[in-house]
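J.:
Numbering (the UniProt record's numbering), first residue to last: 1 to 297.
#1: Using the beta-carbon count (16 or more within 10 Å), is residue 240 buried or exposed?
#2: Output the boundary residues of the alpha helix (DSSP H) element that contains residue 231.
#3: Does the segment 243–254 come close enough to the segment 104–119 to have 3 or more Cβ pairs within less than 8 Å?
#4: Spell out a yes or no on whether the segment 222–242 and the segment 174–188 are touching, meaning 3 or more CB-CB pairs, one atom from each, closer than 8 Å.
#5: Return the CA-CA distance between residue 260 and residue 177, expressed in angstroms with no decimal places.
#6: With the cut-off set at 7 Å, would you say residue 163 and residue 269 are in Cβ contact?
#7: Exposed or buried, which one is residue 158 when buried takes at least 16 other CB atoms within 10 Å?
#8: Per DSSP, what kind of secondary structure is residue 26 in: helix, strand or coil?
#9: With a 10 Å radius around its C-beta and 16 neighbouring C-beta atoms as the bar for buried, classify residue 50 as buried or exposed.
#10: Taking the alpha-carbon positions, what's the residue 11 to residue 131 distance?
#11: With distances taken Cα to Cα, identify the nearest neighbour of residue 144 among 31, 168, 75.
#12: Would you kindly work out how many angstroms separate the C-alpha atoms of residue 16 and residue 71, rounded to a whole number?
#13: Alpha carbon to alpha carbon, how far is residue 123 from residue 277? Give it in angstroms, no decimals.
#14: Could you give the DSSP three-state label for residue 242: helix, strand or coil?
#15: Determine the DSSP secondary structure at residue 287, reduced to helix, strand or coil.
#16: Around the C-beta of residue 295, are 16 or more other C-beta atoms found within 10 angstroms, so that it is buried, or is it exposed?
#17: Start and end of the beta strand (DSSP E) containing residue 249?
#18: Below 6 Å CB to CB, which residues in the same chain sit around residue 35 once its five sequence neighbours on both sides are set aside?
#19: Excluding the 5 residues flanking residue 150 on each side, which residues of the same chain have their C-beta closer than 7 Å to its C-beta?
#20: Please classify residue 282: is it buried, with 16 or more other beta-carbons within 10 angstroms of its beta-carbon, or exposed?
#21: Measuring alpha carbon to alpha carbon, tell me which of 280, 288, 32 ends up nearest residue 87.
#22: Compute the Euclidean distance between the alpha carbons of residue 103 and residue 221, then round it to the nearest angstrom.
#23: Would you mind giving the Cβ-Cβ distance between residue 217 and residue 191, rounded to the nearest angstrom? I have them listed as a contact below 8 Å.
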């Protein structure tokens, strides 16, 4: 009569290894136990199952018909168990991780910061450590970002345009469109106002090509970035070109806009990470959350 006692997990794992090993001796070496331990575990399993799993011939290490019938399923069982354990370890990793991000100050200030509470509520054990980088990095800055990602001083970098390096994996987030805006509405023609412009930015070069007659007559006040422009034009009808995404910010929603004075850049804002066969769970979580929020607006 077959025993009704459930086989032990340890005995099943020993069988899974022994079924593919050349001998019990090799199975013992793989599991770092004695050969007699392997023999005892197999005998106990056979008793619990009520059937022989291995031929009892010292000259031949072979499975019986019953052993062959269950070997593949037992092996698959432990492969799945190993996958579950690995997943649990990855989840445990996210409980004590800090993501190091380099982002443009304007993106952080006018869009991302207002949405971070949602990310922390979804992933309370993932801490975000921010540093800022130029939105439009020069070649030297790009090389620095690549090196920081390669050496894992950074986990994620957000910037305009692709980084040309095969060790970096990149995903487009959105394609920026810049629009003429003013802090207050005014009857003064847009062309007659003071414009605060980052004259080195690619959106200004493109705007000049598309609006040559207008740009020749503008009174320009060069600034280093959009944040400076917004601060300088506060409370006035002065103008800057601003990423349309930022106009969702409560402080900017009342800005007067000139949709006809806009330009869309050819490249996307990119999210860059180090190329890996498998990305850390926290990196995947932040990336998917960010893409989802940009899609929602």
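Every residue, glycine too, gets a C-beta built ideally from N, C-alpha and C.
Predicted model, so just to flag it, every value in this text is computed and none were measured.
T.: According to the structure data:
#1: The residue you call residue 240 lines up with position 240 of the chain shown. Buried, because 16 or more other Cβ atoms sit within 10 Å of the Cβ of residue 240.
#2: Position 231 of the chain shown, counted from the start, is the residue given in the question as residue 231. Its alpha helix (DSSP H) spans residues 226–232.
#3: yes
#4: yes
#5: Sequence index remark: in the chain shown, residue 260 carries index 260 (1-based). Sequence index remark: in the chain shown, residue 177 carries index 177 (1-based). Rounded to whole angstroms, residue 260 to residue 177 spans 12 Å at the Cα level.
#6: Within the chain shown, the letter at position 163 stands for residue 163. Within the chain shown, the letter at position 269 stands for residue 269. No, Cβ-Cβ distance for residue 163 and residue 269 is not below 7 Å.
#7: Along the chain shown, one-based indexing puts residue 158 at 158. Its Cβ being crowded by 16 or more others within 10 Å, residue 158 is buried.
#8: Against the chain shown, residue 26 aligns to sequence position 26. Residue 26: helix per DSSP, three-state reduction.
#9: Counted from its first residue, the chain shown places residue 50 at position 50. That one is exposed.
#10: Counting from 1 along the chain shown, the entry for residue 11 is found at position 11. Counting from 1 along the chain shown, the entry for residue 131 is found at position 131. Going from the Cα of residue 11 to the Cα of residue 131 covers about 52 Å.
#11: For the purposes of this step, residue 144 is taken as the residue at position 144 of the chain shown. Measuring from the Cα of residue 144, the nearest candidate turns out to be 168.
#12: For the purposes of this step, residue 16 is taken as the residue at position 16 of the chain shown. For the purposes of this step, residue 71 is taken as the residue at position 71 of the chain shown. Residue 16 and residue 71: Cα-Cα distance of roughly 6 Å.
#13: In the chain shown, the residue the question calls residue 277 occupies position 277. In the chain shown, the residue the question calls residue 123 occupies position 123. Those two C-alpha atoms are separated by around 23 Å.
#14: The sequence position of residue 242 within the chain shown is 242, counting from 1. In this structure, residue 242 counts as strand in the three-state DSSP scheme.
#15: As a working note, residue 287 is residue 287 in the chain shown. Helix.
#16: One-based indexing of the chain shown puts residue 295 at position 295. That one is exposed.
#17: Numbered from its first residue, the chain shown carries residue 249 at position 249. First-last for residue 249: undefined, no H or E at that position.
#18: Position 35 of the chain shown, counted from the start, is the residue given in the question as residue 35. Once the five neighbours on either side are set aside, the close Cβ partners of residue 35 are 24, 25, 28.
#19: Mapped onto the chain shown, residue 150 falls at position 150. 167, 274, listed in sequence order.
#20: As a working note, residue 282 is residue 282 in the chain shown. With 16 or more other Cβ atoms within 10 Å, it is buried.
#21: Residue mapping note: residue 87 aligns to position 87 of the chain shown, counting from 1. Comparing Cα positions, the closest option is 280.
#22: Indexing the chain shown from 1 puts residue 103 at position 103. Indexing the chain shown from 1 puts residue 221 at position 221. Distance between the alpha carbons of residue 103 and residue 221: 26 Å.
#23: Residue numbering aside, residue 217 sits at position 217 when the chain shown is read from its first letter. Residue numbering aside, residue 191 sits at position 191 when the chain shown is read from its first letter. Confirmed, about 6 Å.
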